[in-house]
Structure formats: structure tokens, C-alpha cells
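Asker: Numbering (full-length UniProt numbering), first residue to last: 1 to 529. The C-beta atom is built at its ideal place from N, Cα and C for all residues, glycine as well. Let me begin by handing over the structure; questions about it come next.
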């Protein structure tokens, strides 16, 4: 039920628009808080006055802006009180949601971020009552009083809350009232970005040795969130405890395979906490010194080689591939200059997909994809999968570990299994692949076995079989990159070879990874007569 605007002078409205407040809401406001309706009317009249008064000067414009800012500050204070009231009086499950942020998002038509921000303001700036009815003061009473009086802005209040929340637990427990007082007293003369500087100065005074900053955070401070963007990508945010963070950092940056190596990497990271994931030796990058940037700005093609040089060293470069006869050569490969974060993303993706595919008591994970038969035949299109939307071509690129089921969206059809385990390399096949390829098989890539996945040389969707003669190991980056740039792979002499596009090599000479050089070399040529 919606309230319709009352037509002026008995005229009929041209069109009835739904209002944010329905009739029941208006009745409740008239009974309990009629001032809000008067305030809405006053604001509408003020907006009309501002809009149609072209004679207002600069001084009047500034004064009106400050007046509206004062209204906003007082409104934020009242909103915090209202949010606290909702948290005490409302059971979210009665409205079909589990938690209050979801209810605020639904009823107020706001974002999840705004709902959580309002709850944070209510938590810090309003008093509440215990289970016995005893009043409990606000966590930051001086900030609450100043915001209600309009002497500090909403952004200043949030900056103060942020600085106090960032304090080490011991400092916050012992000195929070004094720190709050200092921040509030200095607020009128501070810009929002300057609160961080003042907060650091206060902490430096209370903890000159910096020992308290190394204390672990409260367990409730750790979190992980994943939010999907409209294009299907996901945003990952979080705060990890020391052990989890060090282990993840070691997994993302360490090139070794065994658990002992991971433990050692964790210990090394713990001994050097400032190292992070940006360590130059352990950044997960691909050693690709053979590429170059030509005049056109392309990162492809072999570097300029001196034809009169006596050796590779004299020519100013190192061979990064091998030909079919085992001779070293320069491969026109991509110089991986991506940011470290992009490379760590590849490793993180491998960790997640591998973790989902680890054998458990319940078997491998299953992914149900809802798509039309036409989308499945083309291998492309946006589909619904696992509670979110994704591209079907991305789903079909997943590595071994899962079972795929097809749910038809057309009436009169039944669900059928369209991606059987025959598409995926078995454990035995993976073991043999690791022994044969010993890492990513793309020329000049040094990503080890542990970060690689099986790749069909002749695509499975085009009829390629899942056997050793049609499989090779690729890192996640080259798995997605090679097809977009026209490279293809084949098996020659029992080893995976890569054929560059004609734009890079008109002869399309097969290239092998340099690690295969010894196996490809003809022993007869090694011992000239």
C-alpha cells in the first residue's frame, strides 16, 4: 500500500508515484514522531526556495550549505539513535532475513556498506541497556555529544572512530577516554585526513618503543569477505591472523613443493615481517629475460642479436628454448612484466581450485550450471552457477577435480550430466605429466610443477582426448594466455612443443622449453669426429 500525493486545489494528479513511506509508516510517524513529517515538509520548501531563488549571493550560498550540513550532522545523530532502537527491538528473522544489516538494506534501500556503517555509528555513539535494564553509556560519549550538537561533521566522527579502533588493545583499554578527548578537542581545526597524523602522534607518545603495535589483534577483528561485481569478477578483502597470513604468503611466493619447504618459508617470513609478498626472489614471477619492448611498444618477439657474436653471452642474451634437434635458440615469448599481485592471483587461484578438488569423505565438489543447449554447444555465454553468475567458457576451463552437471532451461527436458570425469586428467596421468614436463612447458617459463595444471593440446571441446599424448602442464597464466595470442601446442618426440603464430615466426618452427634441451640433443652431434 502506498501513499499518493494530495493534488493541489482539488486537481487530479497526472500520475501516481509510489512514495518511500506507505500509509502505515505515516500513521506510525503521526502517532510517535510527527516532527519528522514536519521536517520533511520544511526541507522540501527549503529546496524549492533554493532552486528558484536566483538572486542568492555567494555568502548566502555558503550559509545555506553550512545550514544543511548542520542538519545532516544532527540527522546522523538521530539516525544512530534510530538504528540502535531497531537493533534492540527488531528480530530480523521475522522479516525473512538473518541479520540486521540485511534488514536495513532491504527496508532503507541502501547498500550493505552503508548499513554496516550505520550500525557502527550506533554501536559507538549511542547508549544502550543491559539485560537487566541498566543503562550502558556510549562507547564514545564525547564524539556522540559533539555530533549531536553539530560541532563535528559525520566524516570527522568516523575518522575519530577509525583512529580509536586502530589502537593496540592495551592502549585502547587504558587510555581511550583521554585519546577521545584529545581528538574531539582538536577536531574543529582538523581536516579529516589529518586525524591519522594526530592519531600516530598520540600513539607515539603513549608507546614510544612501538612494542604495543606488535600485539595481535582481537579475534573478532579478523575477517574475509568476497563480493561479486557486475561483470562476474569477485572482490576479496580481509584481515588474517599472523599464522594464516604467513602460511598464505609462503604458499603464494614459495617455489618449492614439499610441506617442509612451506614451513621453512613461513619461518623465513616470520623472521622478516617487513618482507611481505614483494620479495624479489620469491615474488612468483616468471624469469623471462629474453623478451624485449620494440619500437611499437609490443612485448613480443626475440631481442636483437649480434650476428657476428661468437657466443650467446657476447650477443647480450641467453637462449630460452630448444629446437627439435636440441640446439638452444631464442623463443619469441611474452616478457611477463605483470604486477606481482597479478602473479600472486594466479597462485591463489590454483590454491582455491586445488583445495576444492582435494579428495574428502564426500568426494569431489560438484558444480551445477544452468544454461541453454545453444550456450553449451557454443561453449560461451553468461550462466548461473553456484549461486552467482559467470561465463560458461570460464567454467569449462576449470582444472581437474570437479564434476559438472547440465541443467536445461527449456521445458520438456531433463537434467543430464554433460561433463564427465573423462575430461579430466586422472591422478596417474598427473603423476606422469609431472615427471615428463617437470613444470610449465611453455618456453622460458619457470613455474614449478606444484603451480601447474593439465592442459589439452587439442581442446577437449573440439574432440581432443584426455591422454598423455594430448596433455601437457601449464601454469595458470599461460593456460589462459596462449590461446588468446595464437600459440598452439603439440607433442614431438614425446615432448610438448609450442608453435608460435605466424606474426612472430613465419616458419612457425616448433619450440621446446629449454629444460628439454638435453633430451632433444642427438648424442652423435655431441661427439664430433
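Give me, in chain order, the residues of the same chain whose beta-carbon lies closer than 7 angstroms to that of residue 135; leave out the 5 immediate sequence neighbours on both sides.
Answerer: Reading the chain shown from its first residue, position 135 is the one you call residue 135. 127 and 129, listed in sequence order.
Asker: In this structure, what does DSSP give as the bridge partners for residue 454?
Answerer: Counting from 1 along the chain shown, the entry for residue 454 is found at position 454. Note: residue 454 sits in a beta bridge opposite 473.
Asker: Looking at C-alpha atoms only, which residue of 434, 105, 484 and 62 is the closest neighbour of residue 471?
Answerer: Working through the chain shown from its first residue, we reach residue 471 at position 471. Cα-wise, what sits closest to residue 471 is 434.
Asker: Rank 466, 165, 512 and 468 by C-alpha distance to the C-alpha of residue 488 and give the top, closest one.
Answerer: Here residue 488 corresponds to residue number 488 of the chain shown, with the count starting at 1. That would be 512, whose Cα lies nearest to the Cα of residue 488.
Asker: Closer than 8 angstroms is the cut-off here; do at least three beta carbon pairs connect the region 182-194 with the region 153-164?
Answerer: Touching, per the Cβ criterion.
Asker: Taking DSSP's pairing of strands, which residues face residue 238 in a bridge?
Answerer: Position 238 of the chain shown holds residue 238. The partner list for residue 238 (beta bridge, DSSP) reads 224.
Asker: So, at 7 angstroms on beta carbons, what are the nonlocal neighbours of residue 478 in its own chain, with the 5 sequence-adjacent residues on each side left out?
Answerer: The residue you call residue 478 lines up with position 478 of the chain shown. Correct list, in chain order: 440, 442 and 445.
Asker: Under 8 angstroms Cβ to Cβ from residue 54, same chain only, skipping five residues before and after it: list those, please.
Answerer: In the chain shown, counting from the first residue as 1, residue 54 sits at position 54. Cβ within range, chain order: n/a, list empty.
Asker: State the CB to CB distance for the pair residue 222 and residue 239, rounded to an integer number of angstroms; the pair is presumed to be in contact (CB under 8 angstroms).
Answerer: Residue 222 sits at position 222 when you count from the first residue of the chain shown. Residue 239 sits at position 239 when you count from the first residue of the chain shown. Right, their Cβ atoms sit about 5 angstroms apart.
Asker: When you compare the region 139-149 with the region 164-184, are there three or more beta-carbon pairs, one atom per stretch, that lie closer than 8 angstroms?
Answerer: With a cut-off of 8 angstroms, the region 164-184 and the region 139-149 count as touching, because enough Cβ pairs lie within range.
Asker: Just verifying my parser: in three-state terms, what is the DSSP assignment at residue 443?
Answerer: Start at 1 with the first residue of the chain shown, and residue 443 comes out as number 443. Here residue 443 sits in coil by DSSP.
Asker: Can you check which of these residues, 517, 123, 497 and 44, is closest to residue 83 by C-alpha distance?
Answerer: Here residue 83 refers to the residue found at position 83 of the chain shown. Looking at the Cα atoms, 123 is the closest of the given residues.
Asker: Within 10 angstroms of the Cβ of residue 210, are there 16 or more other Cβ atoms? Answer buried if so, exposed if not.
Answerer: Sequence index remark: in the chain shown, residue 210 carries index 210 (1-based). Exposed, by the Cβ-count rule.
Asker: Name the one or two DSSP bridge partners that residue 119 has.
Answerer: Translated into positions along the chain shown, residue 119 becomes position 119. According to DSSP, which records beta bridges pairwise, residue 119 is partnered with nothing at all.
Asker: Check whether the Cβ atoms of residue 116 and residue 92 sit closer than 8 angstroms, and answer yes or no.
Answerer: Start at 1 with the first residue of the chain shown, and residue 116 comes out as number 116. Start at 1 with the first residue of the chain shown, and residue 92 comes out as number 92. No, they are not a contact pair.
Asker: Which first and last residues belong to the beta strand (DSSP E) in which residue 488 is found?
Answerer: The residue given as residue 488 occupies position 488 in the chain shown. From DSSP, the beta strand (DSSP E) with residue 488 extends over 488-492.
Asker: Drop a sphere of 10 angstroms on the beta-carbon of residue 185, count the other beta-carbons inside from all chains shown, and report buried for 16 or more, exposed for fewer.
Answerer: The residue labelled residue 185 in the question sits at position 185 within the chain shown. By the 10 Å Cβ count, residue 185 comes out exposed.
Asker: Restricting to runs no shorter than 3 residues, where is the beta strand (DSSP E) found entirely within the region 67-103?
Answerer: The qualifying runs do not exist here; there are none.
Asker: Between the alpha carbons of residue 163 and residue 120, how many angstroms are there, rounded?
Answerer: Mapped onto the chain shown, residue 163 falls at position 163. Mapped onto the chain shown, residue 120 falls at position 120. Their backbone Cα atoms lie some 14 angstroms apart in a straight line.
Asker: May I have the straight-line CA-CA distance separating residue 199 from residue 205, to the nearest angstrom?
Answerer: Along the chain shown, read from residue 1 onward, the residue named residue 199 stands at position 199. Along the chain shown, read from residue 1 onward, the residue named residue 205 stands at position 205. One C-alpha to the other measures close to 10 angstroms.
Asker: What number of angstroms, rounded off, separates the C-alpha of residue 225 from the C-alpha of residue 114?
Answerer: Looking up residue 225 in the chain shown gives position 225. Looking up residue 114 in the chain shown gives position 114. Those two C-alpha atoms are separated by around 16 angstroms.
Asker: Would you kindly report the start and end of the unbroken alpha helix (DSSP H) that includes residue 50?
Answerer: The residue given as residue 50 occupies position 50 in the chain shown. Element bounds for residue 50: 34-52.
Asker: Given this structure, state the Cα-to-Cα distance separating residue 97 from residue 29, to the nearest angstrom.
Answerer: Within the chain shown, residue 97 is the residue found at index 97, counting from 1. Within the chain shown, residue 29 is the residue found at index 29, counting from 1. For residue 97 and residue 29, the distance between alpha carbons rounds to 24 angstroms.
Asker: Would you kindly check if the distance between the Cβ of residue 425 and the Cβ of residue 454 is under 8 angstroms?
Answerer: For the purposes of this step, residue 454 is taken as residue 454 along the chain shown, with counting starting at 1. For the purposes of this step, residue 425 is taken as residue 425 along the chain shown, with counting starting at 1. Cβ distance < 8 angstroms, so residue 454 and residue 425 count as in contact.
Asker: How many Å lie between residue 510 and residue 484 at the Cα?
Answerer: In the chain shown, counting from the first residue as 1, residue 510 sits at position 510. In the chain shown, counting from the first residue as 1, residue 484 sits at position 484. Distance between the alpha carbons of residue 510 and residue 484: 18 angstroms.
Asker: According to DSSP, is residue 399 part of a helix, a strand, or is it coil?
Answerer: Locating residue 399 in the chain shown gives position 399, counting from the first residue. The predicted model places residue 399 with a pLDDT of 46, which falls under 50 and marks its position as unreliable; any figure quoted below should be read in that light. Of the three classes helix, strand and coil, the one that applies to residue 399 here is coil, per DSSP.
Asker: Suppose you measure from the CA of residue 43 to the CA of residue 152; what does that come to, to the nearest Å?
Answerer: Sequence index remark: in the chain shown, residue 43 carries index 43 (1-based). Sequence index remark: in the chain shown, residue 152 carries index 152 (1-based). Distance between the alpha carbons of residue 43 and residue 152: 22 angstroms.
Asker: Along the beta strand (DSSP E) that carries residue 177, what are the first and last residues, could you check?
Answerer: By one-based count along the chain shown, residue 177 stands at place 177. It is not in any beta strand (DSSP E) - residue 177 instead sits in the alpha helix (DSSP H) that spans 169-186.
Asker: In the DSSP assignment, the alpha helix (DSSP H) including residue 144 goes from what residue to what residue?
Answerer: Counting from 1 along the chain shown, the entry for residue 144 is found at position 144. Counting along the chain, the alpha helix (DSSP H) containing residue 144 begins and ends at 141-149.
Asker: Using a 10 Å radius around the Cβ and a threshold of 16 neighbouring Cβ atoms, would you call residue 234 buried or exposed?
Answerer: If you number the chain shown from 1, residue 234 lands on position 234. Residue 234 comes out exposed.
Asker: Could you check if residue 85 is buried or exposed, using at least 16 other CB atoms within 10 Å of its CB as the buried criterion?
Answerer: Numbered from 1 along the chain shown, position 85 holds the residue referred to as residue 85. When all chains shown are included, residue 85 counts as exposed.
Asker: For residue 497, write down the residues that DSSP places opposite it in a beta bridge.
Answerer: Counting from one through the chain shown, the residue named residue 497 turns up at place 497. According to DSSP, which records beta bridges pairwise, residue 497 is partnered with 490.
Asker: Going by C-alpha to C-alpha distance, which of 505, 251 and 173 sits closest to residue 139?
Answerer: Start at 1 with the first residue of the chain shown, and residue 139 comes out as number 139. Of the listed residues, the one whose Cα sits closest to residue 139 is 173.
Asker: Which residues in the same chain as residue 229 place their Cβ atom closer than 7 angstroms to its Cβ, once the five residues preceding and following it in sequence are excluded?
Answerer: Against the chain shown, residue 229 aligns to sequence position 229. So the list reads 235, once near-sequence residues are dropped.
Asker: Any idea what DSSP makes of residue 485, helix, strand or coil?
Answerer: Here residue 485 refers to the residue found at position 485 of the chain shown. Correct three-state label for residue 485: coil.
Asker: Shortest alpha-carbon distance to residue 203 belongs to which of 65, 457 and 170?
Answerer: Numbered from its first residue, the chain shown carries residue 203 at position 203. Looking at the Cα atoms, 170 is the closest of the given residues.
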